[in-house]
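Sequence order for the protein chains is A and B. With the first letter of the first sequence counted as 1, position 157 gets the number 1045 in the numbering used here; the numbers rise by one all the way through. With the first letter of the second sequence counted as 1, position 161 gets the number 1049 in the numbering used here; the numbers rise by one all the way through. Just so you know, even glycine gets a beta-carbon here, dropped at the ideal spot from N, CA and C.
Number of protein chains: 2
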Amino acid sequence: MAGFVVHGVPGSPYVRAALLVLEEKSAEYHLAALQLGTLKQEPHLSRHPFGRIPAFEHDGWMLYETQAILRYVDTIVPEPRLQPVDPRAAARMNQVMGITDWYVMPQISRTITFNRVVAPRFGRPVNEEAVKEAIPDARHCIGELARLLDGHDWMAGATLSLADLQLAPHLSMLALAPEGAEILTAHPNLKGWLVRMEARRSMQATTWDRLLDQVKSAA
Amino acid sequence: MAGFVVHGVPGSPYVRAALLVLEEKSAEYHLAALQLGTLKQEPHLSRHPFGRIPAFEHDGWMLYETQAILRYVDTIVPEPRLQPVDPRAAARMNQVMGITDWYVMPQISRTITFNRVVAPRFGRPVNEEAVKEAIPDARHCIGELARLLDGHDWMAGATLSLADLQLAPHLSMLALAPEGAEILTAHPNLKGWLVRMEARRSMQATTWDRLLDQVKSAA
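Rendered as structure tokens:
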């Protein structure tokens, strides 16, 4: 298939990050929606041998790993630039992208968000104990993100970057959980950042419901 | 402290990746060695609030997250360049860096390498069951890295990149485990890559024993 294709399950924060960068670039793309239960089988394993999402296609050339996809799209579609030129601003961007993968995903999204936001929607059982146990680490992680943001509008400083686009889908879902909303309340700067992110056309075009509607109307 | 400082525990593949990029740049740096038991306490938590390694300093400016450190050093010390200009070569580099974090670390280094190489050295108990259970995923992960390397000398293509420097410390240790050596045998191209990596001055300057010797002679 020609152009950009994102293979993934609507609702995944990583899939949404890939869509966000395409939306911010005003690039045309196709979301090839998958069912959650089909990731560990063909044809998806040929796209992503570890059976995760998103998998990405550009004129038939295949790529997986979300950070690699975000960086590739930013290079291929130059405007607006989403990686700062200043080395220390770029380092903050890369650091927040790393924090998202190493801490936000396991300590927040797989615990609080999965059980409060994802599991109910898929009719899966909710692990109350896992939510409760995750709160101290989640609070710590959110506190550190707020510290890194301090004094800036965006994660890498004065302008929107890939770090904002990778992180926002996670925190947008966290805010839907009562525990998440409560944790975010302690950090008005991070809450303000999330409000600015949610107001962007890219975020509004990629809500879970919007993606499901698109998939349905394309079917 | 002026210049580049890497705070970390000798033997950590992530610390070694940071040292490798500094060595490849022929940059002067100081390894501030830490004991494994002191990462979750001050002063380290002020450097790295998640209590991991490495933490990095450049003229007193602090940074953590290994990928961010590697990319920062590559920008600050331009020669030799360690990130390809070609967007698809850069994407392969970023993909392999992602695979190292998402799959090599949890599926190989925390399982086979930890139990066969790290635990015995620290006098910790060896979990034989964990080694045995890890083999299918480790085999799959190594197979995928060999597939991505196919036809190239280095992970991103024709020239050494940050991906080689991030991955090599993990596979160098894996090869010391009998199970790891056996898994690597199936992929002569990846074994050849590891031989080329081990022959580099940067790798030889940063072996576990060399780092411990340096720390001892500095004390």
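Check: Taking all protein chains shown into account, do 16 or more other C-beta atoms lie within 10 angstroms of the C-beta of A/Pro-968, making it buried, or fewer, making it exposed?
Finding: Around the beta carbon of A/Pro-968, fewer than 16 other beta carbons sit within 10 angstroms, so the residue counts as exposed.
Check: Rounded C-beta distance between B/Asn-982 and B/Ala-1034? I'm assuming under 8 angstroms.
Finding: About 19 angstroms separates the two Cβ atoms, so there is no contact after all.
Check: How long is the line joining the alpha carbons of B/Ala-1026 and B/Gln-995, rounded to whole angstroms?
Finding: About 6 angstroms.
Next item on the list: Could you tell me how far apart the beta carbons of A/Leu-908 and A/Leu-1082 are, in whole angstroms, since I believe they sit closer than 8 angstroms?
Entry: Between A/Leu-1082 and A/Leu-908 the Cβ distance is about 14 angstroms, and since that is not below 8 angstroms, they are no contact.
Check: Per DSSP, what kind of secondary structure is B/Met-889 in: helix, strand or coil?
Finding: With a pLDDT of only 49 at B/Met-889, under 50, the local geometry of the prediction cannot be trusted, and no value is derived from it.
Margin query: Tell me the residue span of the alpha helix (DSSP H) that contains A/Tyr-991.
Written below: It is not in any alpha helix (DSSP H) - A/Tyr-991 carries neither H nor E in the DSSP assignment.
Note to self: Do B/Val-894 and B/Pro-966 have their beta-carbon atoms positioned less than 9 angstroms apart in this structure?
What the structure shows: Contact: no.
Check: Any Cβ of chain B within less than 9 angstroms of the Cβ of A/Tyr-917?
Finding: Not an interface residue.
Item checked: Touching by the beta-carbon criterion (3+ pairs, under 8 angstroms), the region 999–1008 of chain A and the region 929–941 of chain A -> Segments in contact, no.
Notebook entry, point to check: Can you give the Cα-Cα distance for A/Gly-1031 and A/His-1075, rounded to whole angstroms?
Noted result: Cα-Cα distance, rounded: 7 angstroms.
Item checked: Contained alpha helix (DSSP H) runs [length at least 4] in the region 993–1062 of chain A, N- to C-terminal order -> Runs of the alpha helix (DSSP H) lying entirely within the region 993–1062 of chain A, each at least 4 residues long, are 1016–1037 and 1050–1062 in chain order.
Note to self: Give me the chain B residues within the contact set of A/Phe-938, using Cβ-Cβ distance strictly less than 7 angstroms, ordered along the chain.
What the structure shows: Here the neighbours are Tyr-991.
Item checked: Residue of B/Val-984, B/Gly-925, B/Pro-975 and B/Leu-951 minimising C-alpha distance to A/Arg-980 -> When C-alpha distances from A/Arg-980 are compared across B/Val-984, B/Gly-925, B/Pro-975 and B/Leu-951, the shortest belongs to B/Leu-951.
Notebook entry, point to check: alpha helix (DSSP H) containing A/His-936: first to last residue?
Noted result: From DSSP, A/His-936 is part of no alpha helix (DSSP H); its letter is neither H nor E.
Notebook entry, point to check: B/Met-985: beta carbon under 8 angstroms from a heavy atom of the ligand COA?
Noted result: For the ligand COA, the structure offers nothing, since it holds no ligand at all.
Notebook entry, point to check: B/Glu-967 versus chain A: which residues are under 9 angstroms apart at the beta carbon?
Noted result: Here the premise fails: no neighbours, minimum Cβ distance about 15 angstroms.
Note to self: Please identify, using Cβ separations under 9 angstroms, the residues of the region 1079–1097 of chain A that lie next to chain B, in order along the chain.
What the structure shows: Listed by position, the residues of the region 1079–1097 of chain A near chain B (Cβ gap below 9 angstroms) amount to none.
Notebook entry, point to check: Would a check of beta-carbon distances place A/Trp-949 closer than 9 angstroms to chain B?
Noted result: Taking 9 angstroms as the CB threshold, A/Trp-949 lines the interface with chain B.
Item checked: Enclosing beta strand (DSSP E) for A/Ala-943 [first to last residue] -> Secondary structure note for A/Ala-943: its beta strand (DSSP E) is the uninterrupted segment 943–946.
Item checked: Which of helix, strand or coil DSSP assigns to B/Val-965 -> B/Val-965: coil per DSSP, three-state reduction.
Item checked: Close beta carbons around B/Glu-1127, own chain, < 6 angstroms, minus the five adjacent residues each side -> The displayed coordinates of chain B run from 889 to 1107. Any statement about residue 1127 of chain B would go beyond what the structure contains.
Note to self: Does A/Ala-978 come out as helix, strand or coil in the three-state DSSP assignment?
What the structure shows: Note: A/Ala-978 maps to helix in three-state DSSP.
Check: List, in order along the chain, the chain B residues whose C-beta lies closer than 7 angstroms to that of A/Gly-986?
Finding: Per Cβ cutoff of 7 angstroms: Glu-953, Gln-955 and Ala-956.
Check: Of all Cβ atoms in chain B, is any one closer than 9 angstroms to the Cβ of A/Gln-929?
Finding: A/Gln-929 does not count as touching chain B.
Item checked: Residue-chain proximity (A/Pro-975, chain B), Cβ-Cβ < 9 angstroms -> A/Pro-975 counts as touching chain B.
Item checked: Close beta carbons around B/Leu-970, own chain, < 6 angstroms, minus the five adjacent residues each side -> Contacts found: Asp-962, Ser-1049 and Leu-1050.
Check: Name the chain A residues that come within less than 8 angstroms of B/Gln-983, Cβ to Cβ?
Finding: Under the 8 angstroms cutoff, chain A gives Leu-951, Tyr-952, Glu-953 and Ala-956.
Check: Ends of the beta strand (DSSP E) at A/Leu-919?
Finding: DSSP places A/Leu-919 inside the beta strand (DSSP E), whose first and last residues are 917–921.
Checklist line | Among B/Tyr-917, B/Leu-919, B/Phe-938 and B/Asn-1003, nearest to B/Leu-927 - alpha-carbon criterion | finding: Closest by alpha carbon: B/Phe-938.
Checklist line | Contact list for the region 1032–1057 of chain B against chain A, Cβ threshold 9 angstroms | finding: Among the residues of the region 1032–1057 of chain B, those with a Cβ less than 9 angstroms away from any Cβ of chain A are Glu-1032 and Arg-1035, in the order of the chain.
Next item on the list: Determine the contact status of A/Ala-921 and A/Pro-901, defining contact as a CB-CB distance below 9 angstroms.
Entry: No, they are not a contact pair.
Notebook entry, point to check: Start and end of the beta strand (DSSP E) containing A/Leu-1072?
Noted result: First-last for A/Leu-1072: 1066–1073, but that is the alpha helix (DSSP H), not the beta strand (DSSP E).
Next item on the list: Excluding the 5 residues preceding and the 5 following A/Phe-892 in the sequence, name in chain order all residues of the same chain whose CB lies nearer than 8 angstroms to its CB.
Entry: Contacts found: Leu-910, Ala-915, Glu-916, Tyr-917, His-918, Phe-944, Glu-945, His-946 and Val-961.
Check: Three-state secondary structure (DSSP) at B/Val-909?
Finding: Judged by DSSP in its simplified three-state form, B/Val-909 adopts helix.
Next item on the list: Give, in chain order, every residue of the region 892–925 of chain B whose Cβ lies closer than 8 angstroms to some Cβ of chain A.
Entry: Cβ contacts with chain A come from no residue of the region 892–925 of chain B.
Check: Are the Cβ atoms of B/Pro-972 and B/Ala-905 separated by less than 9 angstroms?
Finding: Taking the C-beta atoms as reference points, B/Ala-905 is found no nearer than 9 angstroms to B/Pro-972.
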